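Novice: Per full-length UniProt numbering, the sequence shown starts with residue 1, numbered consecutively.
The beta carbon of each residue, even a glycine, is placed where N, CA and C say it ideally should be.
These figures come from a predicted structure and were not determined experimentally.
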Amino acid sequence: MSELTLEAALPGTRLQRSAGKWRLGPLLAFSFLAFLIIAALLPQWFAHSDPLAIVPHDAFHPPGWAHWFGTDQSGRDIFSRVIHGTRQSLFIGLAATALAMSIAIVLGLFGGLGGAYLDRGVGWLLEILFAFPSLILALLFVAVFGSGIGPLIVATGLGGAPGYARMVRGQVLAVRNAGYIEAAKALGHPPLQIITRQLLPNAMRPLIVTLTMGVGQAIVWASALSFLGLGARPPAPEWGTMLSMGRDFIANAWWLTFFPGLFIVLTTLSTTVAGRYLQQRLEGRLT
């Protein structure tokens, strides 16, 4: 009996084979990311207390039934603050990654399509930027333009842009002489149409996985800047800011920093696992 006939005879075969591709790691990663998205959009579903409400007599309450993640030095419920902070942290990560990729596309297109001299100039610029660690570039920007959510997003995006720009430039160079690009030119399509409809979609496809993992990296960088007091201002329920507010009490109230840090680690790990799984699926390596 052929494979097609066998699958027709056994309807559950294809479903079991598809389910088998969902290994435990990717399943947990996508589940946690789905939880974060829901928590960011509808935090009241999970946390019913005000993340900014000060209750002095509940200060430094350890984790328990009344407060699952404990309370901070002002009696604020940490579980509520972590859940409500998901919106800010995810927004910062997504916005910073989008900004970084936008800058990278411009630099990558100039380098890949602008001729030898312009390509060399873009290459030199990227080499100069790569001489400084990305987090240092972000620190310099925040130090010059001040703290806050806006500067934090811009600083994190600028820090990640050089790496993305190098990848975009490489992809543009790889596909700019492809057959479908030459065919579009021969048919007389305008250059802008070729770039937006042919070149960019095909050049960006392999970078989707990198962008997925980049969101987690952007959240880590933004949290690091907030931890240093250069991001969201206290008492904002943002994960990095919560780490900064709890660092002075870590010896006696470990939960103040443990749970925000745990969510940062799990988010980064989930985006990495999800990105690698998507890469394997795109490359057809999962059987």
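If you draw a straight line from the alpha carbon of F59 to that of W65, how long is it in whole angstroms?
Specialist: Per the sequence shown, residue 59 should be read as Ala rather than Phe. Distance between the alpha carbons of A59 and W65: 15 Å.
Novice: Unbroken alpha helix (DSSP H) runs of length 4 or more, entirely within the region 236-260: which are they?
Specialist: 239-246, all fully within the region 236-260.
Novice: Suppose contacts are defined by Cβ-Cβ distances below 8 Å. Is V55 in contact with G85 by that definition?
Specialist: No, the Cβ-Cβ distance between V55 and G85 is not below 8 Å.
Novice: For N202, I'd like the list of residues in its chain whose CB is within less than 6 Å of its CB, leaving aside the five on either flank, ordered along the chain.
Specialist: Closer than 6 Å at the Cβ level, and outside the excluded window around N202, lie V175.
Novice: Rank A96, G150, P162 by C-alpha distance to the C-alpha of G108 and give the top, closest one.
Specialist: Answer by Cα proximity: P162.
Novice: With a 10 Å radius around its C-beta and 16 neighbouring C-beta atoms as the bar for buried, classify T271 as buried or exposed.
Specialist: By the 10 Å Cβ count, T271 comes out buried.
Novice: From P51 to Q44, what distance separates their C-alpha atoms?
Specialist: For P51 and Q44, the distance between alpha carbons rounds to 11 Å.
Novice: Can you look up D77 in the DSSP assignment and give me helix, strand or coil?
Specialist: Strand at D77.
Novice: So, for A53: in the same chain, excluding its five sequence neighbours on each side, which residues have a beta-carbon less than 7 Å away from its beta-carbon?
Specialist: So the list reads R76, once near-sequence residues are dropped.
Novice: Given this structure, state the Cα-to-Cα distance separating residue 310 from T267, to the nearest angstrom.
Specialist: Here the chain has residues from 1 to 287 only, and residue 310 is not among them.
Novice: Using a 10 Å radius around the Cβ and a threshold of 16 neighbouring Cβ atoms, would you call L41 buried or exposed?
Specialist: Burial call: exposed.
Novice: Skipping 5 residues on each side, what residues in its chain have a beta carbon closer than 7 Å to that of F263?
Specialist: The answer, listed in chain order, is V82, W239.
Novice: How about the region 192-209 and the region 114-127: do they share at least three Cβ pairs that are nearer than 8 Å?
Specialist: Contact fails: fewer than three Cβ-Cβ distances are below 8 Å.
Novice: Taking the alpha carbon of I92 as the point to measure from, which residue in V220, I250, Q198, L243 has its own alpha carbon closest?
Specialist: For I92, the nearest C-alpha among the options comes from V220.
Novice: Output yes or no for whether 8 Å exceeds the beta carbon distance between A95 and I153.
Specialist: For A95 and I153, yes; Cβs fall inside 8 Å.
Novice: Can you list, in chain order, the residues of its chain whose CB lies under 6 Å from that of A34, leaving out five sequence neighbours each side?
Specialist: Excluding residues within five positions, none has a Cβ falling inside 6 Å.
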